[in-house]
Amino acid sequence: MSRERRLASVFVELADTLVAGFDVIDFLHTLTERSVELLQADAAGLILVDPQGQLHVLASTTDEARLLELFELQNSEGPCLECFTAGQPVVNIDLAEVQARWPRFQAATTAAGYRSVHALPLRLRGQVIGAMNLFCRDRSSLSDDDIAVGQALADVATIGLLQERTVRHGEIVAEQLQGALNSRVLIEQAKGVLAERAGLGVDAAFAVLRTYARRNGRHLSEVAAAVIDGSLDLTTSPSNQQSR
Amino acid sequence: MAEAGDGLPEKLCRTCAVALSVSGVGLALMTSAGHGGTITATDGPASMMEDLQATLGEGPCLDASNDGQPVLQSDLAATGPARWPGFTAAALDAGLAAVFAFPLQVGAIRLGVLGLYRDTAGSLDRPQLAEALAFAEAATTILLSLQDKATPGEPLHPQLAEAVESRREIHQATGMISVQAGVGMTDALLRLRAHAFSSERSLIEVAKEVVDRRLRFTPEDDHHE
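These protein sequences, in sequence, are chains H and V. Anchor point for the first sequence: position 107 equals 582 in this note's numbering, and the numbering is continuous, going up by one each time. Anchor point for the second sequence: position 136 equals 137 in this note's numbering, and the numbering is continuous, going up by one each time.
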């Protein structure tokens, strides 16, 4: 199969995993494996930034590649990090020539038997979310066409990842919203219950609920639920008596 | 708080009403206790229809939220009375002939309903239905983006909090009645609703009387003062 046809089928494969039941780790493994195959590399590793800005090694074709990626992160040096920071490909790196640039990375990769490395950014418009490292046992040199192929794969992966993050973020916000709405209802009901039981106004009842929650380090909605189901009696609690 | 995004719910309802040639559009929150308050409604009958469904605890918007699918009532006079007797009578009185309600949901999480009210009978055709669904999706996105912009530490965005706050006395009264009558929250809300309906007043009005202790309910007794 020609590389163009193989590339087309890889795109279909990646697009296919973007539908129902999307698994990030699976998806990234597919990406690294196909990149190694299409760019004649020997191993690949991929780092991704989390929403807090921390970098993680998320996928690799071999355990050795994973260790080299972790090594980069720990030592804060290497092509993957430089590529991530600049948002630009860092390619055709001859490991014999980078002793001064990345001394520890150079030593570790050379010891593992590699001669050259490439790094491609995972980016969409201005946003860089990670980078992929390719490790080669020969002194390999990627042509402009090779780089375009590798970058196209990385771009597809980026779109998939950002889309997954958006969907997941939407679900989290929806859950928070639903939770906040329901706990509002619960708290108002608990005010009514306590007001009636203790012969207080609803505002005074709220003060009792809030004081109790703060003093005991509990969530207001939790206290409200306990008052409603009767497991917590605040009509005679010290916080009630103390609260003016 | 004139930040970007304010006014979007209002704009959405107005645009939706024009695009689909309906008499009114309402955007409401839904909670575990039913109607969670109206975020916004266009001028005309929509606001009253939202309040009505909140008071009665029945209507197309509540069904759409409970069932998780649109309720398309193209001829209210023909099929409405059997399904929602209280709502239909009042909606027909208000001059409405058709109601279309679209749940706002993310997966299984139900957040609210977009209600379309029209003074002429007849189904939405396919392009209209597609457009209405697109408006419902946009409304969901707006709710989420509002909530996403809530100040850290504040559980709800002010505009959403306001909608819920507008019904606070109903929940407070429900809590009080549950103690007075010795029943659970669901039954307490039903008692409150029955009283509002039989005295032809809004739920919120009756709830305020309970909170102000001008109205009490008693155990196992339908004759409340």
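Just so it is clear, CB atoms sit at the ideal spot from N, CA and C, and this is done for glycine as well.
Beta-ladder partner(s) of T41(V), from DSSP: Paired residue(s): L28(V).
Environment of Q529(H) [buried if 16+ CB atoms lie within 10 Å]: Looking at its Cβ environment, which holds fewer than 16 other Cβ atoms inside 10 Å, Q529(H) is exposed.
Where A34(V) meets chain H, residues with beta-carbon distance less than 7 angstroms: The answer, in chain order, is V660.
Cβ contact (3+ pairs, closer than 8 angstroms) linking the region 174-182 of chain V and the region 40-54 of chain V: At 8 angstroms Cβ cutoff, the stretches do not touch.
Cα-Cα separation between G6(V) and V211(V), rounded to whole angstroms: Since pLDDT at G6(V) reaches only 45, below the 50 mark, its modelled position is unreliable, and no value is offered.
Test: L556(H) CB closer than 8 angstroms to a CB of chain V: So, not an interface residue.
Residue range of the alpha helix (DSSP H) that includes P104(V): Counting along the chain, P104(V) falls outside any alpha helix (DSSP H), though it belongs to the beta strand (DSSP E) covering 99-107.
Residues of its chain near L595(H), where Cβ-Cβ distance is below 6 angstroms and the 5 sequence neighbours each way are ignored: Answer for L595(H): P564, M607, G625, Q626, A629, listed in chain order.
Beta-carbon neighbours of T175(V), restricted to chain H and to distances below 7 angstroms: Going along chain H in sequence order, the residues near T175(V) (Cβ under 7 angstroms) are Q664, G667.
Partners in chain H for I110(V), counting only beta-carbon separations shorter than 9 angstroms: Simply E646, A649, E650, L652, Q653.
Straight-line Cα distance separating A47(V) from C14(V): C-alpha separation (whole angstroms): 10 angstroms.
Straight-line Cα distance separating Q527(H) from N567(H): Straight-line Cα distance between these residues: approximately 31 angstroms.
Residue environment, G58(V), which counts as buried when at least 16 other CB atoms sit within 10 Å: Around the beta-carbon of G58(V), 16 or more other beta-carbon atoms lie within 10 Å, marking it buried.
Proximity test, Cβ basis, 8 angstroms: L193(V) and chain H: It does not; no Cβ of chain H falls within 8 angstroms.
Whether R119(V) touches S66(V) by CB criterion (8 angstroms): Taking 8 angstroms as the Cβ cut-off, R119(V) and S66(V) do not qualify as a contacting pair.
Helix, strand or coil at R598(H) according to DSSP, with G and I counted as helix: Three-state result, R598(H): strand.
Span separating the alpha-carbon of Q54(V) from that of A649(H): The alpha-carbon atoms of Q54(V) and A649(H) are separated by roughly 24 angstroms.
Straight-line gap, V573(H) to H593(H) (C-alpha atoms, nearest Å): The straight-line gap separating the alpha-carbon atoms of V573(H) and H593(H) is approximately 13 angstroms.
Pairwise C-alpha distance: V603(H) and T584(H): Taking the Cα positions, T584(H) is about 25 angstroms away from V603(H).
Where A534(H) falls: helix, strand or coil (DSSP): When DSSP states are grouped into helix, strand and coil, A534(H) belongs to the strand group.
Under the three-state DSSP convention, the category R690(H) falls into: Look at R690(H) here: in three-state DSSP terms it is helix.
Beta-carbon neighbours of R672(H), restricted to chain V and to distances below 8 angstroms: Under the 8 angstroms cutoff, chain V gives V180.
Buried or exposed (CB count within 10 angstroms, at least 16 for buried), V19(V): Exposed is the call here.
Against chain H: residues of the region 131-149 of chain V by CB proximity under 9 angstroms: Interface annotation for the region 131-149 of chain V against chain H: T141, T142, L144, L145, S146, L147, Q148, D149, criterion Cβ-Cβ distance under 9 angstroms.
Under 7 angstroms by beta carbon: chain H residues contacting R169(V): Using a Cβ-Cβ cut-off of 7 angstroms, R169(V) is close to E663 of chain H, given in chain order.
Simplified DSSP assignment, three categories, for L709(H): Here L709(H) sits in coil by DSSP.
Of the residues M186(V), L216(V), G183(V), the one placed nearest H196(V), counting alpha carbons only: Comparing Cα-Cα distances from H196(V) to each of M186(V), L216(V), G183(V), the minimum goes to L216(V).
Test: V487(H) CB closer than 8 angstroms to a CB of chain V: Interface with chain V (8 angstroms Cβ-Cβ cutoff): V487(H) is excluded.
Cutoff 8 angstroms: H172(V) Cβ touching any chain H Cβ: Interface flag for H172(V) against chain H is set, since a Cβ pair is found closer than 8 angstroms.
Within-8 angstroms CB hit, P156(V) to chain H: Yes, P156(V) counts as interfacial toward chain H.
DSSP beta-bridge partners of V212(V): Beta bridge pairing from DSSP links V212(V) with no other residue.
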